[in-house]
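Counting from 1 along the sequence shown, just add 3 to a position and that's the residue number in the working numbering.
The C-beta atom is built at its ideal place from N, Cα and C for all residues, glycine as well.
The structure presented is a predicted model; accordingly, all values stated were derived computationally and were not measured.
Structure first, commentary second.
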Amino acid sequence: MLSKVTNILIVSASVGAGHTQAAQAVRAEIERQNPLARVHIVDFMAGQNSYLNTLLKETYLKMIDIFPNMYDLLYRWSQVPHPGTEVRTIMAQAMKHAMNNLLHRYAPDFLIFTHPFPCAAASYLKRTGKHTLPMAAVVTDFAVHRLWIDSEVDFYFVATRELRSSLEAAGVLPRRIFVTGIPIRSQFRHCGKSSGLRADFGLNRKDPVLLVMGGGLGLGAMKEALLHLNKVPIRLQIVVVAGRNPELKNSLASLMTSSPHHVRILGYTEQIAELMATADLLITKPGALTISEALAMNLPLLFFDSLPGQEEENAAYLSAKGAAVWLREQRDLTPSITHLLSTPAQLASLREHGRQFSHPAAASHIAGVLLRAIIATPATRSNRTAPAIT
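In structure tokens form, the structure reads like this:
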């Protein structure tokens, strides 16, 4: 146990809910394992931290929504090394002031990142002598973007052995890499299947339950998905989670008034684990946190309308491993659902292949590694930040 209060700063980014949820899961486990740890979570893209970062966030979300092919091109271009100054260095230099301000505001002993932007900025500051703090990167996808990779990062936590190999090939020392899975909230460890849960949500025990999600922001082609589900000839119970998107919730509710199936439309809810426990199949865009939660619940996955970049890489990886079905065409949803629900053996195969990627205790594993590291190398004043950047 820590002998004194240790100040830990976790820096996330609110571009989708997954990065923040991972940060919250890690914080909860650190605090559970050691109450003397003082843990702060900061949204690097919040307006009070940096107007530039907020602008980048809004640009990203607009590009994903309006110009997804352009985002995909930029994502893949930034993966490739280029002559001269690399993309990650340009990004880091643009964001270094915001990162430096956070270091001075919170005066941490240890840094943890669940998004590559603040990680790259902190790596740049460490590389240029502005701080000497130990740094940990929690990679929240089933692929690792080049923006994550810096020699200044002391710990990498990744989802799979393949990611360990990718980092090693990029020059990261093997002793710095831990295959833990992606951290998820503790309720996904403790919420099991129960026939009573269906009754709690107004669902019957007989008809299959499909859970439809679009992430915390309610992104993805959810309207199109529901229209295709209306054509499935099997009687269904459909639960839709629209996330923090009230306009989407209202439009979906209007859309499904004449559905042949029993449909429930929900907004943001803290009962995702319970909903997954009731479901026979999850239809979702392939965000890594939602995937990891479903895998922990042994819930079969069908990816619909994946966003470019990380989500397509998540979908490609898990579908190749037999742990999910990835639909590249929206029109394939109706026959795919009909086939899956009529073929119990295929649903069982998805569950079986998914078990190898189920890591419900990932957050606990990460917290344990970091707390042992903090005990082994206690922070001192020499680890604090250098004078502010001018």
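**OP:** For the segment 312–330 and the segment 256–264, state whether three or more C-beta atom pairs, one from each stretch, are separated by less than 8 Å.
**Re:** Touching, no.
Original post:
Would I152 be called buried (16 or more neighbouring beta carbons within 10 Å of its own) or exposed?
Top reply: Answer is buried; the Cβ neighbour count reaches 16.
Original post:
Taking 7 Å as the line, does the beta carbon of Q313 fall inside it for any heavy atom of the ligand SAH?
Top reply: In the structure shown, the ligand SAH is absent, as is every other ligand, since no ligand is present at all.
Subject >> Alpha-carbon spacing of W329 relative to H134, whole angstroms >> reply: For W329 and H134, the distance between alpha carbons rounds to 44 Å.
Original post:
DSSP state of A110, grouped into three classes?
Top reply: In the structure shown, A110 sits in coil (DSSP, three-state: anything other than H, G, I, E or B).
Original post:
Looking at C-alpha atoms only, which residue of V182, I187, T163, Y159 is the closest neighbour of G174?
Top reply: Answer by Cα proximity: Y159.
Subject >> Any beta strand (DSSP E) of 3 or more consecutive residues that is wholly inside the segment 239–278 >> reply: Taking only runs of at least 3 residues, the beta strand (DSSP E) segments lying wholly in the segment 239–278 are 240–244, 265–269.
Original post:
Are the segment 10–29 and the segment 111–128 touching by the rule of at least three beta carbon pairs closer than 8 Å?
Top reply: The segment 10–29 is in contact with the segment 111–128.
Original post:
Tell me which same chain residues have a C-beta within less than 6 Å of the C-beta of R130, skipping the five on either side of it?
Top reply: Once the five neighbours on either side are set aside, the close Cβ partners of R130 are E155.
Subject >> Helix, strand or coil at V18 according to DSSP, with G and I counted as helix >> reply: V18: coil per DSSP, three-state reduction.
Original post:
Do you know how far the Cα of T163 is from the Cα of I33?
Top reply: Roughly 22 Å separates the two Cα atoms.
Original post:
Which residues mark the beginning and the end of the beta strand (DSSP E) in which T131 is found?
Top reply: From DSSP, T131 is part of no beta strand (DSSP E); its letter is neither H nor E.
**OP:** Output the distance between the C-alpha atoms of A16 and V45, rounded to the nearest integer angstrom.
**Re:** Cα atoms of A16 and V45: separation of roughly 8 Å, rounded to the nearest angstrom.
Original post:
CA-CA distance, H265 and K226?
Top reply: Cα to Cα, the separation comes out at about 16 Å.
**OP:** Enumerate in chain order the residues of its own chain whose CB-to-CB distance from K234 is below 8 Å, with the five nearest sequence positions on each side excluded.
**Re:** Closer than 8 Å at the Cβ level, and outside the excluded window around K234, lie T337.
Original post:
Which partner residues does H3 have in the DSSP bridge list?
Top reply: Limits of the chain in this structure are 4 at one end and 393 at the other, which puts residue 3 out of reach.
**OP:** Please report the residue range of the beta strand (DSSP E) in which V215 lies.
**Re:** Run containing V215: 212–216, per the beta strand (DSSP E) assignment.
Original post:
Since V182 sits in a beta bridge, which residues does DSSP pair it with?
Top reply: For V182, the pairing in a beta bridge is given by DSSP as V161.
Original post:
Using DSSP with H/G/I as helix, E/B as strand and the rest coil, what is A140?
Top reply: A140 falls in the strand class under three-state DSSP.
**OP:** Could you spell out the range, first to last residue, of the alpha helix (DSSP H) harbouring I340?
**Re:** Counting along the chain, the alpha helix (DSSP H) containing I340 begins and ends at 336–345.
**OP:** Measure the alpha-carbon distance for G217 versus L176 and round it to whole angstroms.
**Re:** Spanning the two alpha carbons is a distance of roughly 36 Å.
Subject >> Cut-off 8 Å between Cβ atoms - residues of its own chain near I268, not counting five sequence neighbours on either side >> reply: Answer for I268: V243, A245, K252, L255, A256, M259, listed in chain order.
**OP:** Check the DSSP bridge columns for L170 and list the partner residues they point to.
**Re:** Its beta-bridge partners do not exist; DSSP assigns none.
Subject >> Helix, strand or coil at I33 according to DSSP, with G and I counted as helix >> reply: Residue state for I33 is assigned as helix, using DSSP reduced to three classes.
**OP:** Taking the CB atoms as reference points, tell me whether R192 and A28 lie closer together than 8 Å.
**Re:** It is not a contact, given that the beta carbons lie outside the stated cut-off.
**OP:** Could you check the C-alpha separation between L150 and D210 for me, to the nearest Å?
**Re:** Taking the straight line from one Cα to the other gives about 45 Å.
Original post:
How long is the line joining the alpha carbons of E296 and L136, rounded to whole angstroms?
Top reply: Cα to Cα, E296 sits roughly 31 Å from L136.
**OP:** May I have the straight-line CA-CA distance separating L166 from M300, to the nearest angstrom?
**Re:** CA-CA distance, L166 to M300, rounds to 23 Å.
**OP:** List the residues that DSSP assigns as beta-bridge partners of L284.
**Re:** In the DSSP assignment, L284 forms a beta bridge with L213.
Original post:
How about T183 and I369: do their beta carbons lie closer than 8 Å?
Top reply: Yes; because the gap between Cβ atoms is below 8 Å, this pair is in contact.
**OP:** Kindly list the residues whose CB is nearer than 6 Å to the CB of A276, restricted to its own chain and excluding five residues on each side of it in sequence; keep chain order.
**Re:** The residues are Q190, F191, C194.
**OP:** Determine the closest residue to T380 out of P119, M138, E316, with distance taken between C-alpha atoms.
**Re:** Of the listed residues, the one whose Cα sits closest to T380 is M138.
**OP:** Drop a sphere of 10 angstroms on the beta-carbon of H22, count the other beta-carbons inside from all chains shown, and report buried for 16 or more, exposed for fewer.
**Re:** Classification of H22: buried, given that the 10 Å Cβ count is 16 or more.
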